[in-house]
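Participant: Dropping the structure in here first, questions after.
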Amino acid sequence: GVDLSYTYEQARDLILDAFKPLGPDYANVVRRAFEDRWIDVYPTPGKRMGAYSNGSAYDVHPYILLNYNGQYDDVSTLAHELGHTMHSFYSNKNQPYPTADYSTFVAEVASTFNEALLIDKMLTEIKDDDVRLSLLMNYLDGLKGTVFRQTQFAEFELRIHQKAEAGEPLTGDSLTQLYGDILRHYYGHDKGICHIDDLYAVEWAYIPHFYYNFYVYQYSTSFTASTALSEKVLARTPGAVEKYLKFLSAGGSDYPIDLLKAAGVDMTGPEPFDKTMAVMNRTMDQIEAILARRK
4 GVDLSYTYEQ ARDLILDAFK PLGPDYANVV RRAFEDRWID VYPTPGKRMG
54 AYSNGSAYDV HPYILLNYNG QYDDVSTLAH ELGHTMHSFY SNKNQPYPTA
104 DYSTFVAEVA STFNEALLID KMLTEIKDDD VRLSLLMNYL DGLKGTVFRQ
154 TQFAEFELRI HQKAEAGEPL TGDSLTQLYG DILRHYYGHD KGICHIDDLY
204 AVEWAYIPHF YYNFYVYQYS TSFTASTALS EKVLARTPGA VEKYLKFLSA
254 GGSDYPIDLL KAAGVDMTGP EPFDKTMAVM NRTMDQIEAI LARRK
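Here our numbering = 1-based position in the sequence shown + 3.
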């Protein structure tokens with residue numbers, strides 16, 4: 004029931020404030036994006052819906068398409084797209100053309116990193132329980148959708164490829180059965196945690212990402228990587244900011260797994276997932292504390 008509304012100017016100031024931990028150079032480039040019209044802000048007739056950042060023109064700064072409506076989700080979306088923009092800006096600035104483009108494996112790191120900075124800033128300053136509860140639930144729902152749901156998709160994708168490799172037919176009925184089994188397992192259907200209706204088992208049929216082989220798992224890995232990195236920056240770990248900015252500047256100059264390792268997160272070990280689960284548990288603790296005060 005909480006309606007958080009922000010003018011575009013308020014969103015700009017909030018985002019610039021949230022990004023301060025990354026230092027003045029980063030903030031100055033973001034300020035340029037606002038002041039020099041890198042961003043197509045408002046909905047207009049005939050304009051494409053949604054939001055995205057395009058940094059594919061090597062010798063021109065990135066552009067952001069936005070459809071800003073003044074809600075908190077719009078502020079978070081703007082911070083997210085500025086993450087992509089800054090990744091492209093730093094990569095294009097510091098890399099020759101052949102190595103400027105970064106891999107899909109790291110494509111969602113900078114964007115979700117910025118979301119983490121924004122939510123941290125909001126929760127640091129806002130004391131009202133209703134607003135905090137709304138923000139915390141919003142973050143928790145996003146974590147569930149990005150980490151657990153995308154991993155669930157990835158498991159389904161892996162299993163259908165394994166079936167194909169084993170020579171098993173991939174019929175609509177068999178895919179529905181497989182997806183339903185995975186869905187029930189993830190949501191604890193058989194343990195009475197969350198009932199999954201049979202109708203949900205056909206959900207696989209409308210998810211276009213399955214046509215882009217082994218794409219979806221990278222949403223989850225990017226989120227856990229960005230969580231680990233943002234936790235280091237917010238904790239003021241020595242060298243964390245410098246390593247992160249170097250990562251943004253590296254483009255595709257090395258294997259993505261090695262770029263992340265140099266930035267301070269080892270994706271071959273449990274640390275990124277463990278840090279993400281720690282943040283998730285911390286978020287749930289804060290939610291439960293607010294709900295307990297209401298009793």
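Where a beta carbon is used, it is the ideal one built from N, C-alpha and C, also for glycine.
My output table needs one value for residue 106: the three-state DSSP class, helix, strand or coil.
Facilitator: On the sequence shown, position 103 is the one that residue 106 refers to. Looking at residue 106 - three-state DSSP - the assignment turns out to be coil, as it is neither helix nor strand.
Participant: Return the first residue and the last residue of the alpha helix (DSSP H) that residue 97 is part of.
Facilitator: Taking the first residue of the sequence shown as 1, we reach residue 97 at position 94. Residues 75-97.
Participant: Helix, strand or coil for residue 59? Go by DSSP, reduced to three states.
Facilitator: Translated into the one-based positions of the sequence shown, residue 59 becomes position 56. Here residue 59 sits in coil by DSSP.
Participant: On the DSSP letters alone, give me the boundaries of the alpha helix (DSSP H) that residue 163 sits inside.
Facilitator: Counting from one through the sequence shown, the residue named residue 163 turns up at place 160. From DSSP, the alpha helix (DSSP H) with residue 163 extends over 152-168.
Participant: Of the residues 103, 28 and 6, which one's Cα is nearest the Cα of residue 258?
Facilitator: The residue labelled residue 258 in the question sits at position 255 within the sequence shown. The option with the nearest alpha carbon to residue 258 is 103.
Participant: Can you give me the start and stop residues for the beta strand (DSSP E) that residue 67 sits inside?
Facilitator: Residue numbering aside, residue 67 sits at position 64 when the sequence shown is read from its first letter. Note, residue 67: beta strand (DSSP E), 66-68.
Participant: In chain order, what residues of the same chain have a beta carbon less than 7 Å from the beta carbon of residue 162, not counting five sequence neighbours either side?
Facilitator: Here residue 162 is taken as the residue at index 159 of the sequence shown, counted from 1. Contacts found: 181.
Participant: Assuming residue 310 and residue 136 make a contact with CB atoms under 8 Å, what is their CB distance in whole Å?
Facilitator: As displayed, the chain neither begins before 4 nor continues past 298, which places residue 310 out of reach and without an answer.
Participant: Unbroken alpha helix (DSSP H) runs of length 4 or more, entirely within the segment 210-286: which are they?
Facilitator: List check, alpha helix (DSSP H) in window: 220-237, 243-252 and 259-266.
Participant: Give me the Cα-Cα distance between residue 54 and residue 67, rounded to the nearest whole angstrom.
Facilitator: Here residue 54 refers to the residue found at position 51 when the sequence shown is read from its first residue. Here residue 67 refers to the residue found at position 64 when the sequence shown is read from its first residue. Between residue 54 and residue 67, the C-alpha separation is close to 7 Å.
Participant: Using the DSSP secondary-structure output, state which residues sit across from residue 42 in a beta bridge.
Facilitator: Position 39 of the sequence shown holds residue 42. According to DSSP, residue 42 bridges with 67.
Participant: Would residue 219 and residue 157 qualify as a contact pair, given that the criterion is a beta-carbon distance under 7 Å?
Facilitator: The residue given as residue 219 occupies position 216 in the sequence shown. The residue given as residue 157 occupies position 154 in the sequence shown. The answer is yes: Cβ separation under 7 Å.
Participant: From 263, 290 and 110, pick the residue whose C-alpha is nearest to that of residue 59; which is it?
Facilitator: Residue mapping note: residue 59 aligns to position 56 of the sequence shown, counting from 1. Ranking the options by Cα distance to residue 59, first place goes to 110.
Participant: So residue 134 and residue 7 are supposed to be a Cβ contact under 8 Å. How far apart are they, rounded?
Facilitator: By 1-based counting over the sequence shown, the position of residue 134 is 131. By 1-based counting over the sequence shown, the position of residue 7 is 4. The Cβ separation is near 7 Å, so the contact holds.
Participant: Could you check where the alpha helix (DSSP H) with residue 177 kicks off and where it finishes?
Facilitator: Locating residue 177 in the sequence shown gives position 174, where the first residue counts as 1. Here the alpha helix (DSSP H) through residue 177 covers 175-190.
Participant: Looking only at C-alpha atoms, which of 179, 217, 215 and 214 sits nearest to residue 200?
Facilitator: Taking the sequence shown and counting its residues from 1, the one referred to as residue 200 is at position 197. Looking at the Cα atoms, 179 is the closest of the given residues.
Participant: Compute the beta-carbon to beta-carbon distance between residue 151 and residue 227, rounded to the nearest angstrom, for a pair I have assumed lies under 8 Å.
Facilitator: As a first step, residue 151 is located in the sequence shown; it is residue number 148 there, counting from the start. As a first step, residue 227 is located in the sequence shown; it is residue number 224 there, counting from the start. Not a contact, Cβ separation roughly 11 Å.
Participant: Any idea which residues DSSP pairs residue 8 with across the strands?
Facilitator: On the sequence shown, residue 8 is found 5 positions in, with the first residue counted as 1. DSSP lists 74 as partners of residue 8.
Participant: Along the chain, where does the alpha helix (DSSP H) containing residue 133 start, and where does it finish?
Facilitator: To locate residue 133, count along the sequence shown from 1; it is residue 130. Segment 132-146, the alpha helix (DSSP H) holding residue 133.
Participant: With a threshold of 16 other CB atoms inside 10 Å of the CB of residue 198, please say whether the residue is buried or exposed.
Facilitator: As a first step, residue 198 is located in the sequence shown; it is residue number 195 there, counting from the start. Result: exposed.
Participant: When you compare only the Cα positions, how much space is there between residue 94 and residue 196?
Facilitator: Position 91 of the sequence shown, counted from the first residue, corresponds to residue 94. Position 193 of the sequence shown, counted from the first residue, corresponds to residue 196. C-alpha separation (whole angstroms): 45 Å.
Participant: Output the boundary residues of the alpha helix (DSSP H) element that contains residue 116.
Facilitator: The residue given as residue 116 occupies position 113 in the sequence shown. Unbroken alpha helix (DSSP H) run through residue 116: 112-128.
Participant: Check whether the segment 37-44 and the segment 235-254 are in contact - that is, three or more C-beta pairs closer than 8 Å.
Facilitator: Too few Cβ pairs lie closer than 8 Å, so no.
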